[in-house]
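Below: the structure, in structure tokens.
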Amino acid sequence: MLEVQQLQVSYGKVQALHQIDLKLERGSIATVIGPNGAGKSTLLNAVMGILPSRGAIRYRGRSIERTSLEQRVMDGIGLVPETRELFSTMSVEDNLLLGSFRRVRLGEAQPRDQLATVFEMFPRLKERRAQMAGTLSGGERQMLAIGRALMAKPDLLMLDEPSLGLAPRIVKEILQIVSELRKTGLSVLLIEQNARAALQVADYGYVLELGQMSMNGPSAQLSGDPQVVQAYLGFG
Ligand code: ATP
770 MLEVQQLQVS YGKVQALHQI DLKLERGSIA TVIGPNGAGK STLLNAVMGI
820 LPSRGAIRYR GRSIERTSLE QRVMDGIGLV PETRELFSTM SVEDNLLLGS
870 FRRVRLGEAQ PRDQLATVFE MFPRLKERRA QMAGTLSGGE RQMLAIGRAL
920 MAKPDLLMLD EPSLGLAPRI VKEILQIVSE LRKTGLSVLL IEQNARAALQ
970 VADYGYVLEL GQMSMNGPSA QLSGDPQVVQ AYLGFG
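In the working numbering, the protein residues as written are 770 to 1005.
Set out below in structure tokens:
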């Protein structure tokens, strides 16, 4: 679904990503874990086309390095940024409908059909459909951000630290939903600092440190790796 080879990103003279290789199989979840400032958001922004990069990015077998951000969205790549970027004075439902412009442009499904699907996935959003987004709890806001991205019916969904600032119970709930999304054929690239939760839900994991991939492997294997356990999973 997605293949990144020798990807490099620089902010001016400072290189943030060095020779990154990553592969995401269709219908699977891959996670990139790593400490603050490792370059995780930079990686997503480069794949999305928000940041310029060098190296190869292949999506569904085609090179997309020269494809615009807008075209990548139209091609079915969705990003839920760490900042969530909701419209706080608009209702939950209107925030969701704003996410459907891709389908409308493609002349495909009616936004209302997809709205029903998203409400089925997130009953909490349905209950609160008329509430202003700015008054939602942190967990609900994250659900809304994911729901809005799903309104575009992406084939590849990239999530930037969905667990950030959320209570463990809510993190579990959100990652459970992410895991279910895989059953619909969606491919997910999940960026997380919460390594334990991320490796539980992902099929494959990558460890990014100081702009370089230091390790990768099936999640179960990484979870049992002494170095990963010591650096990212701690005790308990
Ligand atoms: P976090 O988990 O804290 O968000 P991250 O792994 O997502 O961290 P990035 O945000 O990708 O890390 O940042 C990688 C490095 O690039 C950091 O050293 C950061 O300071 C730097 N960086 C990020 N954005 C910019 C920018 N616009 N200009 C200059 N340097 C930047």
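Just so it is clear, CB atoms sit at the ideal spot from N, CA and C, and this is done for glycine as well.
Is the beta carbon of residue 993 less than 8 Å from the beta carbon of residue 800? no
Closer than 7 Å by C-beta to residue 855: which residues in its own chain qualify, once you throw out the five before and the five after it? Chain order, please. 864, 902, 910, 913, 914
Quick check: the region 806–813 against the region 776–793, are at least 3 beta-carbon pairs closer than 8 Å? yes
Taking the Cβ atom as the reference point for each residue, do residue 798 and residue 1001 lie within a distance shorter than 8 Å? no
Using 8 Å as the threshold, is the region 975–991 in touch with the region 815–827, meaning 3 or more CB pairs across them? no
For residue 842 versus residue 795, is the C-beta spacing smaller than 8 Å? no
Could you tell me whether the Cβ atoms of residue 866 and residue 884 are closer together than 8 Å? yes
Where does residue 800 sit, in a helix, a strand or coil, going by DSSP? strand
Apply the 10 Å Cβ neighbour rule to residue 791 and answer buried if 16 or more other Cβ atoms are within range, or exposed otherwise. buried
State yes or no: is the C-beta of residue 809 nearer than 7 Å to some heavy atom of the ligand ATP? yes
Are there 16 or more other CB atoms within 10 angstroms of the CB of residue 776, so buried, or fewer, so exposed? buried
Quick one: measure Cβ to Cβ for residue 977 and residue 808, integer angstroms, because I've assumed they're closer than 8 Å. 6 Å
Could you give the DSSP three-state label for residue 875: helix, strand or coil? helix
For residue 931, count neighbouring C-beta atoms within 10 Å of its own C-beta (all shown protein chains included) and say buried if the count is 16 or more, exposed if not. buried
Closer than 7 Å: residue 794 CB and nearest the ligand ATP heavy atom: no
Rounded Cβ spacing between residue 940 and residue 928 (contact assumed at less than 8 Å): Their Cβ separation, rounded to whole angstroms, is 12 Å, which puts residue 940 and residue 928 out of contact at 8 Å.
The ligand ATP heavy atom lying under 7 Å from the CB of residue 969: no
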